[in-house]
Every structure is written in structure tokens, then in C-alpha cells.
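Residue numbers (the working numbering), protein chains in the order written: chain L, 3 to 350; chain A, 3 to 350. Beta carbons: idealized from backbone N, C-alpha and C, even for Gly. Note that the coordinates shown come from a computational prediction; the quantities given were computed from them, not determined experimentally.
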DNA sequence: AATAGTAGCGAGAACGTTATCGAAACCAGA
DNA sequence: TCTGGTTTCGATAACGTTCTCGCTACTATT
């Protein structure tokens, strides 16, 4: 098919030395004189030599590849995490293989099971919101395959995880709503069973309790803006309507804002909305969305770092890393100012 | 490190047959009886056998992997393209390796040059907007490495490309602005040198000419909303101000809308804005953005399909595929209605 | 009964690299 | 001159798989 590439043998032949010497020279190890080393390196460059990773991978078990298994990449959070993973990996000479599960547990198990362990050194995974059976991951752990979870992590398997501090973030969000004078607070929650859903819900509930407030409703559903929009209809159909919404993520909060605008309800003034992520859209939407910022890029880098450390020495202890979040205050939780029209109709 | 995996030899030994027979049985080829085949397959499953891709890759040249080289993934278009690539690849038993260049020509050449050709069967690339020297790609082509470009394609190298119809899309956008009654039209253009920048600019210019209109300004810069915002300041600083903006992409159009809003200029009513991409944000921003929809997902699938065909038979002819775009009319190019306030302050 | 053909299997080389071991060459000290 | 130590290098086996051959046994044909 493609032209034959130059191998270590070719170099050895043209130089009249053995392949062993060439191999040693390439890797800058012991037992090779400075002259021959330079000679080998020069002719290797001249002959446009590239190492064959299949061969090296065969003899030393270990490809320099890691697999990233993730529900999707078409949103701010995931794409930013991947960017962090990618950069850390490349800096440390690892290559990343990407697998999208499309939030399907079927695809996830299929990918994980069929993933030939001879083709990657380790796995970085973020589970789907359907995943209830973790046996496919358990098998990997029992086979001593390095594995770290990020963002959405299972509770039952014992391996390293890297997440943002979901609980504290939810507390910050709820505290902020209360401080702004909202008291009838509802929560647009994520899919049940996900650790992150539980953590954010718990932070919300605990903060309400601390202030002797009652929840004005919790609805579990998916992460899309359409989910948010739909759930708002249900929430506001009751007799006791909320005056503020804490959404499990920004996308659902966008749906909430869109719904409120359609209903002619003033966002901020009448109903406060706060999200979770700090998606760039939150700055663009009208009114701009207050939110809890997640360190997506750092989560990518950190989880990749932990994985590579696990790969490089199996004695590396299991980590449970939680990165801090931050409250970002924008217009959607402000009263008093008419942020809704946002100068849109003001003439020069 | 990790536990020793079961190999074809282990299966042969426990069954008392030769490795050759096992190998043939696994691949369902000739010269093996139905009984032994079943026997081999059963014990392979029982022993949890996984093929070692390093070994197969060594003997048959050909890993089932493709490399995707892309400037970034943290935006709608690129992440959607990747999703399409990924899905087509997985369906056809190829695995994708991801490389982000971060729009740096330095990183691009580094990645392409260091990419061991023994570890991938082909490349899918979208160049950075800095890339002026294409020798790193030229080398691959000369080495007969399958390579296809998508979206941002170089003109000088002769290989398959998959793009959207940028020229016609730009014509559609400009025609639409004119049809809506705008006549003083300016263009927020992309970085110079990119084919897509040239195509969209040309479509814009040709359509103006067709209607005997003059351009009210063309400014080249990057793709970010910040670029768009900045360029608007320049555009409106002249004595002859435009009454409509055609932006090379949606992100810059968002910047333009934000800038207009800050200036108290009514978007749509006073100044029309149209983008290019159909980023989901275009539905969320106020007013919603008219745009030219790109078939990002299909471009991903199609370019992956072309690449795999190139890999599978080297006689496959070079393709130049251009996928159609579509005009999406929203509020930012409508006059008459007060879309800017968008019911925001309307009480129930 | 002799031959030819075929189905099923095994032995061994090969892919490109690294690791182990030993050999050669050189040098220093006695 | 001999011994011992170091430095530098080569031969060879291994990694797990596929591929090419050749061998055996069986069936069909004459």
C-alpha cells in the first residue's frame, strides 16, 4: 500500500553496523559511543526514519496511547475537558484516542469491552447518564488496567476520580439566590443516579434547610435546554409558583430563561435563574446568566495527569480529586435593574 | 505491569493445536473445519481473548486507526464535524486519534511530522489559519499516505477535500440582505489566505455587483466574537455607515450584535446581521440570528468515508466534494417588528 | 489398485523493535 | 607478558500475529 518506510535495519545496513547498536543509539542509552550515536542519528534523520510503534509496542508492552470515553463533545464543558486532556497528553508524549458514547450505555459497554487492551495504556472515562451496570469497567480494574473517571463518576467502582466540587458549588448557587432575596426556590435537577445530580441536589437542599426554607420543587430530567424549558412548564403549573430557579447546568437554565421570556415573566426581577458550568453562552443570552463556573480545562489536564501517573507506576495511590468552583454573578439573579431589555430599544 | 493477556498461543496450547490453525479460525478464513473453528472461538471467548493490534499491525501494515488534526473542538462546528467523523469511523471499525493544533502552524507541522505513519492508516486534516507552508502535508502525499482535508483546505496540494459550498452560501446570505431592503452592506471577513474566507468574500462581492451595489467595507480578522465586536467599531467609525452586516461566521456575528446593542442600535430594524454556521446560540441570542446553515455532521461523515475509501484502495480517485448550505431566516434580518425587545418586558 | 485431487492442519519465517548475553577491543597495572 | 576491568558492539531470542509452504489423510476417479 503505502511506500515501505525506512526501518532500523536499513540504517544498520547502510552504516555497516548491527541493529542493536542503532536501537541503542536511537534511544540514547548506555553502551554506545558518542561518535556512532551521532552518526546513527544523522543518517536516521537523513533517511527520514520514524519508529514503528507496533514493533515497540509488541516488545515492551505499552503503546503511548490513552483512550478517552465521553458521552459527547458538542458542548462547552466536554469539549473544553478534552482540550485539557489533549494538551497534557501531547506534552507528555501520549496520544489520545477518542470514543463518543452518545450517552448510550449500550455503546459505552461495547466500546469498553471491544477496546483491545493491547492498543491503549489506560482509559479516561465519563459515564453516560444511563449507565447503571458497571461490570465492563469492573473487568478493567480487575485486569489492572489504569482507569480514571472524571465529571460523571460511578460510586461502586474503586479507582481514581477527578471532579469539580459539585456540592459546594450548589451551596454557593443557592446561598446567592437567598442573599438576593429570593425565597421560593426550585431546582431543575439532572438525571437520577448520576453522582453529580445527587451532589448538586444535596447542596441545594442542605442550603435551603440551613435557612429554614422549603424547596419549591425538584424535577429530574436530561441536560438539554429543551428539558429545562419543558420542566419549567410543570414547575409553574402549580399553585405555589417559585421565584427562583437553580439549574443543574447552564443549558437547562437557558431553556428556563427562554420559557420565562415567552411567558412574559421578567427574568431576575420576578424570577431569578442561576446555572452551573459557565458556558460562554451565559454571557450572550439576555439577560446574562449567573452561574457556577466549573474548571473544565483543569479537570481535563488533571485527570490526564493522574491517569499517566497510574500508567507509569502501578503503585501510584488511588486519587479522589475535587477542583473548586466559583460563583459568577450576572443579570439573571439581579433585581431592581431592568436587565431584560438590556438597552435593546434605547435610541442613541 | 498489567496482567498478561491471553494470546493465540495460549489457546493453541490448551487445545493442543497449532497457532496457525487458531489464527485462521479466528479470522474465519479458508482451511479450517467447522468444528475446530467453533472450538477455537468458544475457548477464545472463555479465555477472554483480545487480539493484539500491535502484532497484527506489524505483520500486515495497517492499524485500523485514523488521525484527525483540527484547530480546536470548543465550538459548535468543529465538535459536530468530529462527531460525524467518529460515528462513521466506529461503524466501519476504525478508531480515531485526535490532535488539536490550537490554530498554531507550529504545532500543526510538529504533529504531522512526528506522527508515526506506522501508527495510523490515514489523516483527516483541517488546517490552521496560519498555515502558509504546506510541505509537511506534501511529504505525506508523496509517501502515498491517504489524506483528506475538510472545511479549511489548502489550494496547493492535490488530494481529496470535503467542504460546504461557501461561495453559494455567501451569495444566499447577501441576496437575502438585499431582498430585505438593506443596501449598504459590509462584510466581516475571516483570516486572509483561508480558502473559505476567499470563497465567502467572493460570493458577497459578486452578489453586490450583480445588484449594482457597492461594498460598505470588508475587514479581515479572526473568527471570535471579540474580533467581530472590535471590527464593528472600525466599520461604524466612517462617515458612510453600513445598514447590514454579513459575517463570515456566527461567532463574529454574535460580537456584532452585542456591539450594536451596546451602541443602542436596533438590530434588524436599523442594521441587519446575518452569520454563517447555524450555531445553536444563534437561536438563543436576542435578536435571534439569521444565518447560513452548514452541514457540519455530514461533512464529518463524508470526509471520513472518503478517507477510508482511499485507505482501502489506493486507486480510489481524488474527490472534491462540496455539500450544500441553507439559508435560515431569523429576527436579525427582519424590519418592522420590534424583535429586539423580544417580549422581554411584556407583562402577562 | 493406482492415481489425482482436496480438505485440514502444522512448521517456520517474517514484520520491526528491544533485551540479554557474550565477544571483542582497548587500557591500566603488576 | 599476563591479568583484570571497562567500553563498545554484535548475535540472537523474544513479543503476538499472519503468511507461505508443505505434509497428511481422506475422497473421488480411472
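Leaving out five residues before and five after residue i in sequence, what residues of the same chain have Cβ atoms less than 7 angstroms from its Cβ?
| i | result |
| --- | --- |
| residue 117 of chain A | 69 |
| residue 177 of chain A | 209 |
| residue 225 of chain A | 192, 251, 253 and 254 |
| residue 33 of chain L | 26 |
Would the beta-carbon of residue i fall within 7 angstroms of that of residue j?
| i | j | result |
| --- | --- | --- |
| residue 230 of chain L | residue 257 of chain L | yes |
| residue 307 of chain A | residue 90 of chain A | yes |
| residue 329 of chain L | residue 174 of chain L | yes |
| residue 201 of chain A | residue 233 of chain A | no |
| residue 244 of chain L | residue 218 of chain L | yes |
| residue 97 of chain A | residue 99 of chain L | yes |
| residue 325 of chain L | residue 297 of chain L | yes |
| residue 21 of chain A | residue 14 of chain A | yes |
| residue 274 of chain A | residue 335 of chain A | yes |
| residue 152 of chain L | residue 301 of chain L | yes |
| residue 94 of chain A | residue 115 of chain A | no |
| residue 354 of chain L | residue 292 of chain L | Nothing about residue 354 of chain L can be read from this structure; chain L reaches only from 3 to 350. |
| residue 107 of chain A | residue 130 of chain A | yes |
| residue 84 of chain A | residue 127 of chain A | no |
| residue 171 of chain A | residue 303 of chain A | no |
| residue 213 of chain L | residue 194 of chain L | no |
| residue 63 of chain A | residue 55 of chain L | no |
| residue 75 of chain L | residue 236 of chain A | no |
| residue 283 of chain A | residue 180 of chain L | no |
Is DSSP giving residue i helix, strand or coil here?
| i | result |
| --- | --- |
| residue 190 of chain L | strand |
| residue 334 of chain A | helix |
| residue 271 of chain L | coil |
| residue 285 of chain A | helix |
| residue 96 of chain L | coil |
| residue 152 of chain L | strand |
| residue 348 of chain A | Confidence in residue 348 of chain A is poor, its pLDDT being 39 and thus under 50, which makes the residue's placement unreliable; the coordinate value appears in the next sentence. It is coil, neither helix nor strand. |
| residue 136 of chain L | coil |
| residue 323 of chain A | strand |
| residue 292 of chain L | strand |
| residue 101 of chain A | strand |
| residue 266 of chain L | coil |
| residue 195 of chain A | coil |
| residue 66 of chain L | coil |
| residue 124 of chain A | strand |
| residue 222 of chain L | strand |
| residue 277 of chain L | strand |
| residue 248 of chain A | strand |
| residue 81 of chain A | helix |
| residue 3 of chain A | Because residue 3 of chain A carries a pLDDT of 42, less than 50, the predicted location of this residue cannot be relied on, and no value is offered for it. |
| residue 75 of chain L | coil |
| residue 328 of chain A | strand |
| residue 165 of chain L | strand |
List the whole-angstrom C-beta distance separating residue i from residue j, where the pair is believed to meet the contact cut-off of C-beta under 8 angstroms.
| i | j | result |
| --- | --- | --- |
| residue 248 of chain A | residue 310 of chain A | With a Cβ gap of about 36 angstroms, residue 248 of chain A and residue 310 of chain A do not count as contacting. |
| residue 124 of chain L | residue 149 of chain L | 7 angstroms |
| residue 220 of chain L | residue 189 of chain L | 5 angstroms |
| residue 140 of chain A | residue 159 of chain A | 6 angstroms |
Can you list, in chain order, the residues of its chain with a C-beta nearer than 6 angstroms to that of residue i? Leave out the 5 residues immediately preceding and following it.
| i | result |
| --- | --- |
| residue 4 of chain L | Low local confidence applies: a pLDDT of 49 at residue 4 of chain L is under 50, so the model's placement there is unreliable, and no value is given. |
| residue 333 of chain A | 270, 289, 290 and 341 |
| residue 346 of chain L | Because the pLDDT at residue 346 of chain L is just 44, under 50, the model does not fix this residue reliably, and the value given afterwards should be weighed accordingly. For residue 346 of chain L, where only same-chain residues beyond five positions count, there are no Cβ hits under 6 angstroms. |
| residue 39 of chain A | 27 |
| residue 184 of chain A | 245, 246 and 274 |
| residue 321 of chain L | 162 and 308 |
Leaving out the 5 sequence neighbours to the left and right, which residues in its chain are closer than 8 angstroms to residue i when beta-carbon positions are compared?
| i | result |
| --- | --- |
| residue 157 of chain A | 197 |
What residues in the region 37-51 of chain L bring their beta carbon closer than 7 angstroms to a beta carbon of chain A?
-> none
Of all the residues that make up the region 103-114 of chain L, which are near chain A by a beta-carbon distance shorter than 7 angstroms?
-> none
Using a Cβ-Cβ cut-off of less than 9 angstroms, list which residues of the region 250-284 of chain L approach chain A; keep chain order.
-> Listed by position along the chain: 256, 259, 260, 263, 264, 265, 266, 267, 268, 269, 282 and 283.
Taking any Cβ of chain L, which residues in the region 117-132 of chain A have a Cβ under 7 angstroms from it, in chain order?
-> Those would be 118, 119, 120 and 121, in chain order.
Please list the residues of the region 319-338 of chain A that have a C-beta atom closer than 8 angstroms to any C-beta atom in chain L, keeping them in chain order.
-> none
Members of the region 286-306 of chain A that neighbour chain L once the beta carbon cut-off is set at 9 angstroms = 286, 287, 288 and 289
Near-chain L residues of the region 151-177 of chain A (beta-carbon distance less than 8 angstroms), N- to C-terminal order = Listed by position, the residues of the region 151-177 of chain A near chain L (Cβ gap below 8 angstroms) amount to none.
Near-chain L residues of the region 82-99 of chain A - C-beta to any C-beta below 8 angstroms | 82, 84, 85, 88, 89, 92, 97, 98 and 99
Could you name the residues of the region 53-66 of chain A whose beta carbon sits closer than 8 angstroms to any beta carbon of chain L, in the order they occur along the chain?
-> 53, 54, 55, 56, 57, 59, 60, 63, 64 and 65
Given a limit of 7 angstroms on CB to CB distance, which residues of the region 231-245 of chain L reach chain A?
-> none
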